[in-house]
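Protein chains: 2
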Amino acid sequence: MTFDFKFTADGLIPAIVQEAVPGAEFPSGRVLMFAWMNRESLEKSMETGLMHYWSRSRGKLWLKGETSGHTQKIVRWFHDCDRDVLLFEIEQKGGACHTGYRSCFFQELDREAKPLAVDEEKSFDDGVVYSE
Amino acid sequence: MTFDFKFTADGLIPAIVQEAVPGAEFPSGRVLMFAWMNRESLEKSMETGLMHYWSRSRGKLWLKGETSGHTQKIVRWFHDCDRDVLLFEIEQKGGACHTGYRSCFFQELDREAKPLAVDEEKSFDDGVVYSE
Numbered sequence: 117m118t119f120d121f122k123f124t125a126d127g128l129i130p131a132i133v134q135e136a137v138p139g140a141e142f143p144s145g146r147v148l149m150f151a152w153m154n155r156e157s158l159e160k161s162m163e164t165g166l167m168h169y170w171s172r173s174r175g176k177l178w179l180k181g182e183t184s185g186h187t188q189k190i191v192r193w194f195h196d197c198d199r200d201v202l203l204f205e206i207e208q209k210g211g212a213c214h215t216g217y218r219s220c221f222f223q224e225l226d227r228e229a230k231p232l233a234v235d236e237e238k239s240f241d242d243g244v245v246y247s248e
Numbered sequence: 117m118t119f120d121f122k123f124t125a126d127g128l129i130p131a132i133v134q135e136a137v138p139g140a141e142f143p144s145g146r147v148l149m150f151a152w153m154n155r156e157s158l159e160k161s162m163e164t165g166l167m168h169y170w171s172r173s174r175g176k177l178w179l180k181g182e183t184s185g186h187t188q189k190i191v192r193w194f195h196d197c198d199r200d201v202l203l204f205e206i207e208q209k210g211g212a213c214h215t216g217y218r219s220c221f222f223q224e225l226d227r228e229a230k231p232l233a234v235d236e237e238k239s240f241d242d243g244v245v246y247s248e
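Same order as they appear, the protein sequences are chains A and B.
For my numbering, add 116 to where a residue sits in the first sequence, where the first one is 1.
For my numbering, add 116 to where a residue sits in the second sequence, where the first one is 1.
Take a look at the structure:
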């Protein structure tokens with residue numbers, strides 16, 4: 117499979133992951149997470165229909181949900197106008213964030229960059245899901 | 117202003133920019149673009165309420181819309197669980213993409229990574245807006 121994208125010097129490309137809204141003309145759900153992919157993770161994602169990433173900290177391929185079961189099924193995907201960023205529209209099982217929240221972007225900030233109170237419920241109990 | 121984020125070694129942090137949907141509990145519009153910010157562009161964005169970025173190719177601060185008039189007014193903003201990515205919910209004038217499309221992510225791909233036909237109309241005539 118040929119990926120006509122601009123990868124970084126490390127062979128990576130950023131991926132924005134957005135929740136699918138059934139019937140929407142364009143991806144227009146909540147942004148759930150941001151991660152990095154390489155060619156191998158792109159190939160695995162295309163083969164399986166499930167999001168795979170490249171973990172820069174662990175230096176390995178990573179199936180999202182391999183520990184938690186919170187997999188991400190690909191619905192549509194796009195590259196940007198510079199072909200150096202990808203956008204994936206996905207169906208999320210459970211929650212995307214390891215903290216238990218639906219989205220990694222749960223912490224709103226005010227105009228002074230101070231955190232606002234989070235009044236959202238968690239999607240799952242992170243202490244149970246990631247306890248092993 | 118203190119920005120308690122994890123910047124790259126170059127002092128940058130990625131910003132995902134999403135279109136605001138009035139009344140939505142969470143940002144849930146279309147992802148319009150992806151760009152990089154540094155502390156200065158964050159300060160300018162907070163001061164003015166308009167998105168400013170750091171251009172890595174030109175090595176300078178950049179007000180989105182300074183040439184096109186297609187500014188981005190900040191509605192809400194969030195950091196992610198690792199504090200190394202930002203999400204901005206914005207009101208977009210005109211179109212976000214320099215090609216004339218509303219979003220930089222207008223090119224959908226199939227499961228073989230081949231581009232699909234784009235049947236969306238452009239938001240503006242990029243030949244006119246960026247002609248000078």
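Ideal Cβ positions, reconstructed from N, Cα and C, are used throughout, including at glycine.
Using a Cβ-Cβ distance cut-off of 8 Å, determine whether residue 187/A contacts chain B.
Cβ-Cβ to chain B under 8 Å: no for residue 187/A.
Nearest by alpha-carbon distance to residue 125/A: which of 135/A, 147/A, 154/A and 118/A is it?
If we check each option's Cα against that of residue 125/A, 154/A comes out closest.
Where does residue 216/A land, buried or exposed, given buried means 16+ other C-beta within 10 angstroms?
It is buried - the Cβ of residue 216/A has at least 16 other Cβ atoms within 10 Å.
Can you find a CB in chain A that lies within less than 8 Å of the CB of residue 242/B?
Judged by the 8 Å Cβ criterion, residue 242/B is not in contact with chain A.
Report the neighbours of residue 144/B on chain A: residues whose CB is nearer than 7 Å to its CB, in chain order.
144, 145 and 146, listed in chain order.
Is residue 146/B closer than 8 Å to residue 143/A when the C-beta atoms are compared?
Yes; because the gap between Cβ atoms is below 8 Å, this pair is in contact.
In chain order, what are the residue ranges of uninterrupted beta strand (DSSP E) at least 3 long that sit wholly in the stretch 129 to 211 of chain B?
As far as the stretch 129 to 211 of chain B is concerned, its whole beta strand (DSSP E) runs of at least 3 residues are 129 to 135, 147 to 153, 168 to 171, 176 to 179, 188 to 195 and 202 to 208.
Is residue 248/A close to chain B? Criterion is C-beta to C-beta, closer than 8 Å.
Only weak support exists for where residue 248/A lies, its pLDDT of 47 falling under 50; the coordinates are left without a value.
Write down the C-beta distance between residue 267/B and residue 165/B rounded to the nearest angstrom, noting that I regard them as a contact closer than 8 Å.
A query on residue 267/B cannot be resolved here, the shown segment of chain B reaching from 117 to 248 and no further.
Listing by chain order, which chain B residues have their CB less than 7 Å from the CB of residue 201/A?
The answer, in chain order, is 150.
What's the C-alpha gap between residue 203/A and residue 188/A?
If I take the Cα positions, the gap works out to 13 Å.
Is it the case that the stretch 193 to 210 of chain A contacts the stretch 223 to 232 of chain A, given that we only count it when at least three CB pairs across the two stretches are under 8 Å?
No: the two stretches stay apart, fewer than three of their Cβ pairs being nearer than 8 Å.
Could you tell me the alpha carbon to alpha carbon distance between residue 213/B and residue 172/B, rounded to whole angstroms?
Going by the C-alpha atoms only, they are around 17 Å apart.
Excluding five sequence neighbours on each side, which residues of the same chain lie with their C-beta closer than 7 Å to the C-beta of residue 234/B?
The answer, listed in chain order, is 222 and 223.
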